[in-house]
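What follows is one structure encoded as structure tokens, with my remarks underneath.
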Amino acid sequence: MAVIAAPVKPANRVLDRLTQVRALRTLILLLIVVLGTTAIEPRYLNPNSIRSILLWVPLLAVIAMGEMMVIIIRGIDVSVGSIVGLAGMAVGLMFRDTPGFSIALGVVVSTLIGLALGALNGFLVAKAKVPAVIVTLGGLTAYRGATFLLSNGSQIDNNYIPKGLVRWSQVGPFGIREVPWVIFIILGIALLTWLILRYTRLGHHIYALGSNPDAARLRGVNVDRVTWFAYAFTGALAGFAGLLYASRFGFLNPGQTGVGLELTVIAAVVIGGVSVYGGSGSVPGVLLGCLLLGAINVALAVLGVAGTWQLAVYGVVILIAVTADSLLQRGLHRVDRSE
Amino acid sequence: MHMVSRRLPVKQGASADSRPVSWTSQLRPVMPEIVVAWLLLAAFVAGSLLSPYFLDADFLFRQALLYMEIGIMALGATLIIISGNLDLSIAGNLAMVACVTAYAHAQLGVPMELCLALGLLLGAAAGAFNGFFVAVLRLPSLAVTLATMALYRGIAQILLGDHSIQDFPKWFLGIDRRVIPGTPIPAPFLIFLGLALVLGLILHRSVFGRWVYALGTNARAAYYAGVPTRRVKLILFTLSGFLSGLAGLMLDSRLLVARYDHANGWELEAITAVVLGGTAIAGGRGSIFGTVMALFLIAVLRTGMGVANVKVESQLAVVGTLLVAAVLISNFLGRRRR
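The listed protein sequences derive, respectively, from chains X and P.
Take the first sequence: its letter number 152 is residue 152 in the numbering used here, and every next letter is one higher.
Take the second sequence: its letter number 328 is residue 1328 in the numbering used here, and every next letter is one higher.
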């Protein structure tokens, strides 16, 4: 189902246009949700709920940047939630038990732990040729189990989380409450991802591999290395997200931190226009996808829909996104009727 | 017969190197099932060394009963995976059927007998719903069932929230306490083995079974060879849903309660059993026998770890590692044999 040609040259107009169409679709959905909710409940558009939406995004978006690469190369990583848990707990324990453990060190350590776990995933997928879904399903439980072992089942309470870290999610530059620093951190990471995908050879190889694995290999793309990179990058970002979790919620719990996050991340990536057939997807689209999920989430709360509806709504949203993606592709291209 | 289709080169994207098919590769399909059987034996020996109470028939049956619902889902998952698809929604479907059935009986006053039929129907319908997206709209089963995994469990959560329902009629409860008269064999055990036998016959001895292998070996070739690929996929997903529904009712009966978080994460355990049992995750090879052996292996391992006071979370970590190791080892064996 490789529909989009490998963009070997950066200025591939077809890809450009399609990317815009896909991101545009997410933007329209976002507008519908925001305007629709506001029409029913005008309270929706106030600084507080905008803040809730924006606060909801970073944890999701930072992992989504990696997950989109994995899905572009036709893989999947369902272990990210457990990597968030393990890296987060590890750093939390250090905040608690190691005096003078700084936030900067926390950033380094959480990212490195995530990188190591992601690299392990990548090694098993790329070198040992174990299917991605098996590797990361195994990782989902194995890393979660390791989190429990490491923390001995105990929670890191908010008095151990550095105040400076919590402030990342509370205030922004010049003391603005609505746009906290985490938003800028995630925008930086998104920019980095965008640059990699757009302007580096590696980025083009990622699209090439996703569009047509066989052709990419024949063209001399180092398939193993590209695959390894995608999983390692995702792991590193998920590790960093463990720190962001501590910043956002002010506590870390082995049975809660990052649980089920993989589903939300994949939902954001797919509704952000990344094709489940691989080969296409863009950073702006995925960011909009995260924003859309955040907007839906806050809309449900504002409209007084019980929190118990959240899971079913996610399911429906992913299903609609995946179906729309497929129908859109079939509308643009004639797809082989066989398989 | 199915040995033939098993060794055809498979799957676009998985690997570009078309390996030569030699006669030795025919030996390979036998391997994983045999390995698992040996491991099962080893686990029994290790377990009996760990605790003198381990080799007690009553105790073993009691422990195995904890895995019968997973086993029933794993049987459906075996067929689905051999056909080159994946169904991640099985545990969500189980929870939905368990909760909807309980809700219909306790809140709406529907007679329990009717609820059971409705539950099975709902499970099958949910499976068919997956099948529609996979077979008719030709969407990747992974993406579809990831979505319905959330949707089905979400429906269970909407209905019950954090509450649980316990108002079941007496006759419905305690299926695990029923035994076949005159033997210590519990009813769920018989249901599981009976289903394994029926599905084993269908998979290994019928035309439909041949189609399942053909689909998983090379879907396009199967289509051009006249296999009704759409119908096969629809039937497989419906079957998988039906089995999940059955497992949901059995779980309600065994646990005496319906909750939305029933069977949380069991799709992983079912898929682990299937893959551990030697079924190729990319499709085209596998057997019901392997899945049954692997399920008992997991049951014995976890029972052994439980006896040795290993925490549940660590047990899960071992199962996760086992899953990856199983594929690694079979990859390694496969490569060395060439």
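A virtual CB, placed ideally from N, CA and C, is assigned to each residue, including glycine.
These numbers were taken from a predicted model, which means no experiment stands behind them.
One Cα belongs to A215 (chain X), the other to F123 (chain X), and the distance between them is close to 22 Å. Contact holds between the stretch 1258-1268 of chain P and the stretch 1158-1170 of chain P, because three or more Cβ pairs, one in each stretch, are under 8 Å apart. R144 (chain X) reaches chain P at E1313, L1316, A1317 and G1320, counting residues in chain order whose Cβ is nearer than 9 Å.
Taken atom to atom, the span from the alpha-carbon of L291 (chain X) to that of R25 (chain X) is near 13 Å.
Assigned with DSSP and collapsed to three states, P1228 (chain P) falls in coil, not helix or strand. Around the beta-carbon of A61 (chain X), 16 or more other beta-carbon atoms lie within 10 Å, marking it buried.
Taken atom to atom, the span from the alpha-carbon of V1097 (chain P) to that of M1073 (chain P) is near 13 Å.
Contact note: A1282 (chain P) reaches chain X through P131, using a C-beta cutoff of 7 Å and chain order.
Taking a 10 Å sphere around the C-beta of L1268 (chain P), we find 16 or more other C-beta atoms and assign the residue as buried. The stretch 1216-1232 of chain P makes no contact with the stretch 1299-1307 of chain P, as fewer than three CB pairs between them are under 8 Å. Close CB contacts of A23 (chain X) within its chain, under the 7 Å cut and outside five residues either way in sequence, are with G273, S282, P284, G285 and L288 (chain order).
DSSP, reduced to helix, strand and coil, places P1186 (chain P) within a strand of the structure shown. Straight through space, the alpha carbons of L1322 (chain P) and V135 (chain X) are spaced by roughly 11 Å. Within chain X, the residues placing a beta-carbon under 8 Å from that of G1161 (chain P) are A306 and T308, ordered along the chain. Only those residues of the stretch 1116-1143 of chain P whose C-beta falls short of 9 Å from the nearest C-beta of chain X are listed: F1133, L1137, R1138, L1139, P1140, L1142 and A1143.
Per the Cβ contact rule, the stretch 1142-1154 of chain P is in contact with the stretch 307-322 of chain X (3 or more Cβ pairs under 8 Å). Residue pairing by DSSP places I50 (chain X) in no beta bridge whatsoever. In the assembly as shown, W1266 (chain P) is a buried residue. Its beta-carbon has 16 or more other beta-carbons within 10 Å. Taking all protein chains in view, the Cβ of W168 (chain X) is crowded by 16 or more other Cβ atoms within 10 Å, so the residue is classified as buried.
Going by DSSP, D157 (chain X) is part of no alpha helix (DSSP H) at all; its letter is neither H nor E.
Taking 8 Å as the cut-off between beta carbons, the residues of the stretch 1144-1157 of chain P near chain X are V1144, L1146, A1147, T1148, M1149, A1150, L1151, Y1152, R1153, G1154, I1155 and Q1157, in sequence order. Per DSSP, reduced to three states, the secondary structure at I134 (chain X) is helical.
The beta carbons of M89 (chain X) and L237 (chain X) sit about 17 Å from each other, so the pair does not count as a contact at 8 Å. Within the same chain, and ignoring the five residues on either side of I156 (chain X) in sequence, the residues whose Cβ sits closer than 8 Å to its Cβ are M89, G92, L93, F95, R96, A246, F251, L252 and N253.
Contact of G1265 (chain P) with chain X is assigned, a C-beta pair being separated by under 9 Å. With a minimum length of 4 residues, the unbroken runs of alpha helix (DSSP H) contained wholly in the stretch 18-102 of chain X fall at 47-72 and 80-97. About 6 Å separates the beta carbons of G1277 (chain P) and M1293 (chain P), which is inside the 8 Å limit, making them a contact pair. Around the beta carbon of F1242 (chain P), a 10 Å sphere encloses 16 or more other beta carbons of the protein chains shown; the residue is thus reported as buried.
Proximity of N1093 (chain P) to chain X, defined by a Cβ-Cβ separation below 9 Å, is not satisfied. The three-state secondary structure of I1165 (chain P), taken from DSSP, is strand.
Put simply, the CB of V298 (chain X) is far from chain P, with every gap to its CB atoms at 9 Å or more.
For Y207 (chain X), no CB of chain P lies under 9 Å from its own CB, so it is not counted at the interface with that chain. Among the CB atoms of chain X, none fall inside 9 Å of the CB of V1207 (chain P). For a Cβ distance threshold of 8 Å, residue set L1137, R1138 and L1139 of chain P lies close to S326 (chain X), ordered along the chain.
Taking every protein chain shown into account, the CB of E1033 (chain P) has 16 or more other CB atoms within 10 angstroms, so this residue is buried. Leaving aside the five residues that flank F101 (chain X) on each side, the residues in its chain whose CB is nearer than 6 Å to its CB run, in chain order, M94 and F95.
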